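Q: Residue numbers for the sequence shown follow my numbering, so the first one is 724 and each next one is one higher.
Glycine included, C-beta positions come from ideal geometry on N, C-alpha and C.
As the structure is a computational prediction, the values presented were derived from the model and not from experiment.
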Amino acid sequence: MATAAASDGLNHHALFYRDQREYLAPVTSFVLDGLASGQPAFIAVPGAIGQLLRGRLGAQSSQLAHADMAETGRNPARIIPELLTFLDRHDGQHCRVVTEPVWPGRSDAELCETARHEALINVAFAGTPVSILCPYHTDGQAGSVLEWAHCTHPSVTSDGVTGPSTSYAGAGSLPPECDNPLPDPPPTADTLSYSTDLWPIRRLVASCADRGGLSGDRSANLVLAASEIAANTLRHTDGGGTLHVWQTRRELLCQLQDGGWITDPLAGRRRRPAIERGHGLWLVNQVCDLVELRTGQAGTTVRLHMNLADIS
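#1: List the DSSP bridge partners of Gln978.
#2: Between Ala838 and Thr875, how many whole angstroms is the CB-CB distance? I'm expecting something under 8 angstroms.
#3: Starting from the Cα of His1028, find the closest Cα among Pro988, Arg926, Thr960, Glu974 and give me that residue.
#4: List in chain order: all unbroken alpha helix (DSSP H) runs of 4+ residues lying wholly within the segment 885–945.
#5: Below 6 angstroms CB to CB, which residues in the same chain sit around Glu836 once its five sequence neighbours on both sides are set aside?
#6: Can you tell me which of the three DSSP states Val876 falls into?
#7: What does a CB cutoff of less than 6 angstroms around Thr960 pick up in its chain, not counting 5 residues either side in sequence?
#8: Could you tell me the boundaries of the beta strand (DSSP E) in which Asp742 lies?
#9: Can you grab the Cα-Cα spacing for the pair Ser938 / Asn1030, in whole Å?
#10: Have a look at Asn903 and Arg1026 and give me their C-alpha separation to the nearest angstrom.
#11: Between His736 and Asn944, what straight-line distance do the alpha-carbon atoms span, to the nearest angstrom?
#12: Just reading off the alpha helix (DSSP H) that Cys835 is part of, what are its end residues?
#13: According to the neighbour-count rule (16 or more other Cβ atoms, all chains shown, within 10 Å of its Cβ), is Gln774 buried or exposed?
#14: When you compare the segment 738–752 with the segment 783–797, are there three or more beta-carbon pairs, one atom per stretch, that lie closer than 8 angstroms?
#15: Taking the alpha-carbon positions, what's the Ala727 to Leu747 distance?
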């Protein structure tokens, strides 16, 4: 598999596998070849396969780090910051990364955000000396997810054959389905318009969180996240915004809409220096289980998801 050669810039590659044999051999080879060449490696894959790789490759060391993607990447917007932290620790070295952001049980919204994450990898690490290998299990996976992987990776390995992806859309280009407008909130959602004061936002979100049984710390985190987004509305727009809050069987959701336009595609995925503004989206992604963002000249919609059951 020709994914491992060091280069002066990003090598972003998808590995399509059907079983453990097709997974372990290329992933292990990718990591060990890099370590033998003095290239540090970071492995973030979900659950049991991560434990298996840890047993094969050894424990965490200065050159090899592991993370459970089911926790690290529960919100896919947290993955790029984790990779940036690892690369910063090995500044100037070519590094290797294995990330598997898709696993069984992911919701449709989460899968769209993993595709967004994969597209933004090509922006965040353009020109960076790093090889990133992304395994995708083909059995039982929605066809759209596999199509999105082809769209967001310049090169792929499928059925043991490695080559360029003929569907690659270019750096930062999203699969069209993943940037469609979000579905409207249900008619039963609690609704509030805001233009000057954050206190009604906090009060409504806290009340809905209490009614939904969200635990204390997670309720406070959701209140904080909604307040941060609303504060951005008041700081950067003139027309105020609208909050919707509703509950499903699994989640409590808060949606905030305003007339602003967020032009940085990596907003919320890079930690800014302390003296700069713009930490709100970063903080929101750290405390929410999922954040969906749609933005353009017509305005911005941010949808915050918090699982009702704490699955950490």
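A: In short:
#1: The residue you call residue 978 lines up with position 255 of the sequence shown. His967, Arg1026.
#2: Within the sequence shown, numbered from 1, the residue matching residue 838 stands at position 115. Within the sequence shown, numbered from 1, the residue matching residue 875 stands at position 152. Indeed, because the Cβ distance is near 6 angstroms, the residues count as touching under 8 angstroms.
#3: Translated into the one-based positions of the sequence shown, residue 1028 becomes position 305. Here the closest residue by C-alpha is Glu974.
#4: List check, alpha helix (DSSP H) in window: 922–935.
#5: Working through the sequence shown from its first residue, we reach residue 836 at position 113. So the qualifying residues of the chain are Pro799.
#6: Start at 1 with the first residue of the sequence shown, and residue 876 comes out as number 153. One point to set straight first is that residue 876 is His, not Val, in the sequence displayed. Assigned with DSSP and collapsed to three states, His876 falls in coil, not helix or strand.
#7: As a position in the sequence shown, residue 960 is number 237, starting the count at 1. Within the same chain, and ignoring the five residues on either side of Thr960 in sequence, the residues whose Cβ sits closer than 6 angstroms to its Cβ are Asp981, Gly982, Gly983.
#8: The count along the sequence shown starts at 1 and reaches residue 742 at position 19. Element bounds for Asp742: n/a, residue is neither H nor E.
#9: As a working mapping, residue 938 is identified with position 215 in the sequence shown. As a working mapping, residue 1030 is identified with position 307 in the sequence shown. One C-alpha to the other measures close to 10 angstroms.
#10: What you label residue 903 is simply residue 180 of the sequence shown in a count that begins at 1. What you label residue 1026 is simply residue 303 of the sequence shown in a count that begins at 1. Each residue's alpha carbon lies about 13 angstroms from the other.
#11: Counted from its first residue, the sequence shown places residue 736 at position 13. Counted from its first residue, the sequence shown places residue 944 at position 221. Our two residues, His736 and Asn944, have alpha carbons roughly 35 angstroms apart in a direct line.
#12: Within the sequence shown, the letter at position 112 stands for residue 835. Per DSSP, Cys835 is one residue of the alpha helix (DSSP H) stretching across 831–847.
#13: Counting from one through the sequence shown, the residue named residue 774 turns up at place 51. With fewer than 16 other CB atoms across the displayed protein chains lying within 10 angstroms of its CB, Gln774 is exposed.
#14: No, because fewer than three Cβ pairs between the segment 738–752 and the segment 783–797 fall closer than 8 angstroms, the two stretches do not touch.
#15: Your numbering for residue 727 matches position 4 in the sequence shown. Your numbering for residue 747 matches position 24 in the sequence shown. Any reading at Ala727 must be qualified, since the residue scores a pLDDT of 47, below 50, and its modelled position is unreliable; the value itself is stated next. Cα to Cα, Ala727 sits roughly 15 angstroms from Leu747.
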